[in-house]
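Residue numbering for the sequence shown follows this note's numbering, beginning at 1165 and increasing consecutively. Positions of the beta carbon are idealized from the N, C-alpha and C atoms, including for glycine.
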Amino acid sequence: MRGTSSTINGRSPFVVALGLALAFAAPALGKRRARQPPRGMPTTTNNVVAQDASVPAAASAESSPSPARDCRAPFLAAPNPPTRPPFSGSAYISGAIITEADPTSFAALEYQGRADRRMFDRRTARFQVINAHIFDARFGASTHVEVQVNPEFARDEAEREARSYAAVIGRLPSFLFRDLRTVWIHRGDLDWGGGNNNLMIHTGRHGSYASRGVVEEILLHEATHTSLDSEHRASPRWREAQIADHAWISDYARDNPEREDLAETVSVYLAQRFRADRLPAATIATIRATIGARIAYLDCAGLTMSVLR
Ligand SMILES: [Zn+2]
């Protein structure tokens, strides 16, 4: 949620160390539920600067399908886990995981007129029934997502926004469409959100994400909330992987281990498995040294970068 980054930046080293220790004690995971957003409220990506490495990578043979694994074997405990997360927020590590040059599955957009829809708006921090512009967006041959645009946009502008974001969303891997049914588009410079079978966009924030090249990576994070959280983020085996790694990929994951760890991890998992030739070698090495057990877990989830067909 908004405000999280200032909390992170303001804490003392003692609190960081204590938090890390507590985070690995199973009961502490329950205590941290106080940080969960109100039920039904979209989750978000924190707006913090990544601590990036800058060593260029050689083209890697790791941009290949996941290796065969024994998906029931105990995870190996990390031999030398880092004492602090290497990154602040994983959505900001690299804008190269998905770029405008990558293919999109977005195929067609059709205006359906105006209709009442229940939409969350972060400017008011609540759900409201809004008489929205409704667009049917088709991805691939047969996947349909309803794009609901706030009527503060005129019809033509609403269509431009819907079309533009549908093209971006179409660049997301097909597995991130599993539970995606709607998209909300509002004005306002506020965090985007996921969950609720939805992706929520505030167009006023676009420039700040785009200037860092991470529009797709932000949506990748949010779409993980939408389509993977329900199955994986609290599964016993995911918790086993967290404990085996004894580390977190980002401050945001460490501070919100139940809500954000999976969403913070999936993008860097995809980066090191399928986009290693696009990121600095040191960044890839850091990811692998930090979350080896989580990588083993996600290798067994069958994720690929393929877009919908
Ligand atoms: Zn999130």
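Contact under 8 angstroms by Cβ, residue i with residue j
i     : j     : result
F1239 : A1460 : yes
F1284 : P1206 : yes
A1435 : I1451 : yes
A1476 : H1410 : Nothing can be reported for residue 1476: it is not among the residues displayed for the chain, which extend from 1165 to 1473.
S1254 : E1395 : no
F1303 : A1271 : yes
L1472 : T1307 : yes
L1467 : L1426 : no
N1295 : R1278 : yes
Through-space distance from residue j to residue i, alpha-carbon basis
i     : j     : result
D1234 : R1458 : 14 angstroms
S1338 : E1386 : 14 angstroms
T1244 : L1383 : The sequence shown places Asn at residue 1244, not Thr. Computed Cα separation, rounded: 32 angstroms.
L1462 : D1280 : 39 angstroms
A1185 : R1439 : In this prediction, A1185 scores a pLDDT of 34, lower than 50, which makes its location untrustworthy; the coordinate-derived value is nonetheless stated afterwards. Computed Cα separation, rounded: 32 angstroms.
L1475 : V1293 : What is shown of the chain runs 1165 to 1473, which leaves residue 1475 out entirely.
A1187 : N1361 : With a pLDDT of 38 at A1187, under the threshold of 50, the modelled position of this residue cannot be trusted; read the value that follows with caution. Approximately 29 angstroms between the Cα atoms of the pair.
V1379 : R1327 : 15 angstroms
D1456 : L1340 : In the sequence as displayed, the identity of residue 1456 is Gly instead of Asp. Their backbone Cα atoms lie some 22 angstroms apart in a straight line.
D1343 : D1415 : 27 angstroms
R1319 : P1267 : 27 angstroms
T1390 : G1368 : 22 angstroms
S1269 : R1401 : 32 angstroms
Ligand 1 heavy atom lying under 7 angstroms from the CB of residue i
i     : result
A1427 : yes
T1390 : no
E1274 : no
E1422 : no
H1396 : no
T1247 : no
T1207 : yes
H1297 : no
H1366 : no
Close beta carbons around residue i, own chain, < 6 angstroms, minus the five adjacent residues each side
i     : result
E1310 : T1346
I1349 : V1313, E1325, I1365
M1469 : P1337, F1438
S1224 : Confidence at S1224 is low in this model, with a pLDDT of 36, below 50, so its placement is unreliable and the value that follows should be read with caution. For S1224, where only same-chain residues beyond five positions count, the Cβ hits under 6 angstroms are A1440, D1441.
V1219 : Here the model assigns V1219 a pLDDT of 30, short of 50, so the residue's position is not dependable, and the following value carries that caveat. P1444, A1445, A1446, listed in sequence order.
Close Cβ partners of residue i (< 7 angstroms) along its chain, the five nearest in sequence each way excluded
i     : result
A1398 : E1422
A1276 : Sequence check: residue 1276 is Gln here, not Ala. So the qualifying residues of the chain are I1298, F1299, D1300.
Y1329 : V1347, I1349, I1365
G1475 : It is not possible to answer for residue 1475, since the shown part of the chain is limited to 1165 through 1473.
Chain-order list of residues whose beta-carbon lies under 8 angstroms from that of residue i (same chain, five-residue window excluded)
i     : result
E1316 : H1350, R1351
P1231 : D1463
Closer than 8 angstroms to chain C by CB, residue i
i     : result
A1241 : In the structure shown, chain C does not exist; there is a single protein chain.
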